[in-house]
Amino acid sequence: ARNINYAKGIAEGARSLGFCYVRLSKNDDAQPLLQESLSLFQSLNDLRGQATVYEYLAIVQRNWGDFGAALKLLYKGLELSQQTAFRINEAFTQYQIGVTYKYLGNFEKALDHLFKSLSIHREDNNRLYQSYPINIIGSIYFENGDHTRALEYYKEGLKSRQDSGDKLGEAGSLDNLATTFLKLKDYPQAIEYCTQSLAISKNTGDKRSEANALQHLAEIYEKTGNAEQAEKFSNESLQIRKGTGDKKGEAEILLFLARLYKDQPGKEAEHKVIEWLDGALRISEEIKAMALVSETRLAQYNYNKQHENFKEAVHQLEMHLQLEKELQKNAISQKVANLEITYKAEETRKEAETVRLKNEELTKLNREIEEQKEKLEVTLADLKTTQAQLIQSEKMASLGELTAGIAHEIQNPLNFVNNFSEVNTELIEEMQQEMGQGNMEEVKEIAGNIKENQEKITHHGKRADAIVKGMLQHSRSSSGVKEPTDINALADEYLRLAYHGLRAKDKSFNATMKTDFDESIGNINIIPQDIGRVVLNLITNAFYAASLPSEGGFSDSDKSYGPTVWVSTKKLEEKVLISVRDNGPGIPQKILDKIFQPFFTTKPTGQGTGLGLSLSYDIVKAHGGEINVSTKENEGTEFIIQLPVTSK
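Following the working numbering, the numbering of the sequence shown begins with 209 at its first residue and continues without gaps.
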């Protein structure tokens, strides 16, 4: 996987190899591999992969004695397992949490998690996996003196091991039953189960289990008073312990042998007991098994007192009491530490549970949001269709206003053309009469008048032609291309077109138009059709506002004007300002921040789409400019368009 840089393969390989090291108790070798695996699974967003690695890393921390770190990692793994419905790993993680709490002496929480693990394995009907929590549950009852319930779970564990064909596990379960029957003083049953465990252990080559079974047989025979058999099996167990390097087990057997022979008479027996006790003390001190050191010191005290070696007995008793004091102190400190670890672990569990519940709620909300999104997408499609229709309606309304104004503009030159044409017709008839009478001077004079009228007809015809061309120029679809444009001419033209358009719709409408154009502006680069639409919209709105009645009437300075609209331009450094002002009733402050919103209008229903100012705002922004408004109630409103001079 490394050769081909296959990340998932590397992650899985590092995880598997790391777990093998964990099983071999090579925690220092396991930890970096598992960390590498975790990082890769995180980069791949593989939550299930992360969950399994958290479990293995927790076992490493527990083996190092850091139960708090172990529980924190286990709860992380549990959260991910539950989040991804990874039931088998959830069961394993619950099992490991239970085992960790057992080490901490919190049997209540240990049983809670172990039973949860067992429940999941029972759902899956996996007999082998069921045996793991079952045996630990049995051991908890055993350690708490409830041997009857321990027996119940140990028997169930044995059945699970046998059904799954797990011979190593079967040997362990048989040994558990043997020690329980030993506690219950049912020695024949204890011997039977221990003998079966020993046979399987020898057959499988499991030296550790074989040594345990031999020692337990020795303890059973001790209880039955068969010291010879007890010594025989203890010595066999001792040889295996030495061969496997099990120092603690070796010291425990030496202490057992010393107890076995402490009442035997004779120098040989005395020599053996002293040798065994000295050996047990030496080994237990070597491995720093302080509880075993204390127990050995107590055995030495009793043996020396029994043989009236009081000076040595007192020394051993003092050493024992000192150790017991330290052990009790350490036990209290450990208990406090365990309580703190349990508290922190519980907080971690609660946090993980809170996160899990939040994730469930988020999943539910996401489903609801997805459903709402689908509904909104349908609604949005409908709205877009409606919006397109409204925008087209707004454009048609603007075109209507343009058309009405243009019609008025064309009408004047057409009237001149018609009038001068009629006059020329009359003059031609008159000229024909004068020619018939031979009055050539009159004919020349009439011909001059006809020529003069014809020039006027041509002039007004060209004027109408220019108006039509302008109409076509400004009503055609926008090309989106900016071009040099005389902004003063554009503003003046749309002012007249807007006014005449309103007059065409309402003959009673009348207003004063005032202009103030800065001639220094020249041409600026804009899209004339688009800016023209903006100017037309603002001027049309201004005429509409100026014609509205005002509660307070016009301001003193504007009373003499009546309804008035001012259009002006001004150049400021790299900017051009286009101002459209009216002396209408003004815009109420409470709605001022809404006027550029789509579909917002103060006009009566049917008279406005609410898109004029919104479209104007977008057009000006697209030109790199700004559009601002200032207003005073009962005095009027001013819109100012600000455009860059060097817009490209």
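All C-beta atoms, glycine included, are put in the ideal place defined by N, C-alpha and C. All values reported here derive from a predicted model rather than from experimental measurement.
Mapping DSSP to helix, strand and coil, what is residue 472? Position 264 of the sequence shown, counting from 1, holds the residue named residue 472. Of the three classes helix, strand and coil, the one that applies to residue 472 here is coil, per DSSP.
Could you give the uninterrupted runs of the alpha helix (DSSP H) lying entirely in the region 673–747, keeping only those of 4 residues or more? Qualifying alpha helix (DSSP H) stretches, in chain order: 695–713.
Please state whether DSSP places residue 836 in a helix, a strand or coil. On the sequence shown, residue 836 is found 628 positions in, with the first residue counted as 1. Strand, per DSSP.
Helix, strand or coil for residue 789? Go by DSSP, reduced to three states. Residue numbering aside, residue 789 sits at position 581 when the sequence shown is read from its first letter. Residue 789: strand per DSSP, three-state reduction.
Reference residue 254, options 735, 692, 268 and 220, closest by Cα: Translated into the one-based positions of the sequence shown, residue 254 becomes position 46. Among 735, 692, 268 and 220, the Cα nearest to that of residue 254 belongs to 220.
Just to confirm, is the Cβ distance from residue 281 to residue 259 under 7 Å? The count along the sequence shown starts at 1 and reaches residue 281 at position 73. The count along the sequence shown starts at 1 and reaches residue 259 at position 51. Not in contact: residue 281 and residue 259 (Cβ atoms no closer than 7 Å).
Going along the chain, which residues of its own chain have a beta-carbon closer than 6 Å to the beta-carbon of residue 658, five neighbours each way excluded? To locate residue 658, count along the sequence shown from 1; it is residue 450. By the criterion of a C-beta distance shorter than 6 Å, residue 658 is surrounded in its chain by 632 and 635, once the five residues flanking it on both sides are discounted.
From residue 414 to residue 376, what distance separates their C-alpha atoms? Mapped onto the sequence shown, residue 414 falls at position 206. Mapped onto the sequence shown, residue 376 falls at position 168. When rounded, the distance between both Cα atoms is 7 Å.
Report the rounded CA-to-CA distance for residue 836 versus residue 829, giving the unit in angstroms. Within the sequence shown, the letter at position 628 stands for residue 836. Within the sequence shown, the letter at position 621 stands for residue 829. Going from the Cα of residue 836 to the Cα of residue 829 covers about 11 Å.
Span of the beta strand (DSSP E) holding residue 776? Counting from 1 along the sequence shown, the entry for residue 776 is found at position 568. Segment 772–780, the beta strand (DSSP E) holding residue 776.
Apart from the five residues just before and just after residue 488, which ones in its own chain have a Cβ nearer than 6 Å to its Cβ? Stepping through the sequence shown from its first residue, residue 488 is reached at position 280. Correct list, in chain order: 459, 462, 463 and 504.
In chain order, what residues of the same chain have a beta carbon less than 6 Å from the beta carbon of residue 446, not counting five sequence neighbours either side? As a first step, residue 446 must be located in the sequence shown, where it is residue number 238. Around residue 446: 461.
Between 276, 670 and 216, which lies nearest to residue 622 when the distance is taken from Cα to Cα? Reading the sequence shown from its first residue, position 414 is the one you call residue 622. Among 276, 670 and 216, the Cα nearest to that of residue 622 is on 670.
Is it the case that the region 433–447 contacts the region 474–494, given that we only count it when at least three CB pairs across the two stretches are under 8 Å? Segments in contact, no.
So, residue 465 versus residue 442, is the Cβ gap smaller than 7 Å? As a working mapping, residue 465 is identified with position 257 in the sequence shown. As a working mapping, residue 442 is identified with position 234 in the sequence shown. A contact, by the Cβ cut-off of 7 Å.
Based on Cα-Cα distance, which residue from 565, 720 and 778 lies nearest to residue 753? For the purposes of this step, residue 753 is taken as residue 545 along the sequence shown, with counting starting at 1. With distances taken between Cα atoms, residue 753 lies closest to 720.
Beta strand (DSSP E) segment containing residue 850, residue limits: The residue given as residue 850 occupies position 642 in the sequence shown. Where residue 850 is concerned, the enclosing beta strand (DSSP E) stretches over 844–852.
Can the beta-carbon of residue 421 be found less than 7 Å from the beta-carbon of residue 371? Taking the sequence shown and counting its residues from 1, the one referred to as residue 421 is at position 213. Taking the sequence shown and counting its residues from 1, the one referred to as residue 371 is at position 163. Not a contact, by the Cβ cut-off of 7 Å.
Give me the Cα-Cα distance between residue 507 and residue 326, rounded to the nearest whole angstrom. Taking the sequence shown and counting its residues from 1, one reaches residue 507 at position 299. Taking the sequence shown and counting its residues from 1, one reaches residue 326 at position 118. It is roughly 42 Å from the alpha-carbon of residue 507 to the alpha-carbon of residue 326.
When DSSP labels each residue in this structure, what does residue 393 get in the three-state scheme? Locating residue 393 in the sequence shown gives position 185, counting from the first residue. Three-state result, residue 393: coil.
Kindly give me the distance between the Cβ atoms of residue 296 and residue 322, rounded to whole angstroms, as I take these residues to be in contact under 8 Å. By 1-based counting over the sequence shown, the position of residue 296 is 88. By 1-based counting over the sequence shown, the position of residue 322 is 114. Wrong, their Cβ atoms sit about 16 Å apart, outside the cutoff.
Secondary structure of residue 367, DSSP reduced to three states: Residue numbering aside, residue 367 sits at position 159 when the sequence shown is read from its first letter. Here residue 367 carries a helix assignment [DSSP, helix/strand/coil].
Pick out whichever of 310, 338 and 558 has its Cα sitting closest to the Cα of residue 352. Within the sequence shown, numbered from 1, the residue matching residue 352 stands at position 144. The candidate whose alpha carbon is nearest that of residue 352 is 310.
Enumerate, from N- to C-terminal direction, the unbroken alpha helix (DSSP H) stretches of 4 or more residues contained entirely within the region 212–299. 215–231, 235–251, 255–271 and 275–291, all fully within the region 212–299.
Can at least three beta-carbon pairs, one atom from the region 832–847 and one from the region 778–798, be found at a separation below 8 Å? As far as the Cβ criterion goes, the region 832–847 touches the region 778–798, which means the pair count is three or higher.
Backbone secondary structure at residue 798 - three-state DSSP: Residue numbering aside, residue 798 sits at position 590 when the sequence shown is read from its first letter. It is helical.
Within a Cβ cutoff of 6 Å, which residues of the same chain sit near residue 863, ignoring the five residues on either side of it in sequence? Lying before the first or after the last residue shown, residue 863 is absent from the chain, which here runs from 209 to 856.
To the nearest angstrom, how far is the alpha carbon of residue 661 from that of residue 832? Indexing the sequence shown from 1 puts residue 661 at position 453. Indexing the sequence shown from 1 puts residue 832 at position 624. Going by the C-alpha atoms only, they are around 50 Å apart.
Can you name the residues that DSSP bridges to residue 784? Position 576 of the sequence shown holds residue 784. Beta-bridge pairing by DSSP links residue 784 to 779 and 851.
N- and C-terminal bounds of the alpha helix (DSSP H) containing residue 209: Taking the sequence shown and counting its residues from 1, the one referred to as residue 209 is at position 1. DSSP places residue 209 in no alpha helix (DSSP H); its state is neither H nor E.
Tell me where the alpha helix (DSSP H) around residue 820 begins and ends. Position 612 of the sequence shown, counted from the first residue, corresponds to residue 820. Looking at the DSSP string, the run of the alpha helix (DSSP H) that includes residue 820 is 820–830.
Looking only at its own chain, which residues have a Cβ that is under 6 Å from the Cβ of residue 728, when we skip the five neighbours before and after it? Locating residue 728 in the sequence shown gives position 520, counting from the first residue. Excluding sequence neighbours, residue 728 sits near 779.
Beta-carbon within less than 6 Å of residue 795's beta-carbon, same chain only, minus the 5 sequence neighbours each way: which residues are those? In the sequence shown, the residue the question calls residue 795 occupies position 587. By the criterion of a C-beta distance shorter than 6 Å, residue 795 is surrounded in its chain by 839 and 845, once the five residues flanking it on both sides are discounted.
Quick check on the burial criterion: 16 or more other C-beta atoms within 10 angstroms. Buried or exposed for residue 456? One-based indexing of the sequence shown puts residue 456 at position 248. Residue burial annotation: residue 456 is exposed, with fewer than 16 other C-beta atoms found within 10 angstroms of its C-beta.
Helix, strand or coil at residue 495 [DSSP, three-state]: Here residue 495 is taken as the residue at index 287 of the sequence shown, counted from 1. Note: residue 495 maps to coil in three-state DSSP.
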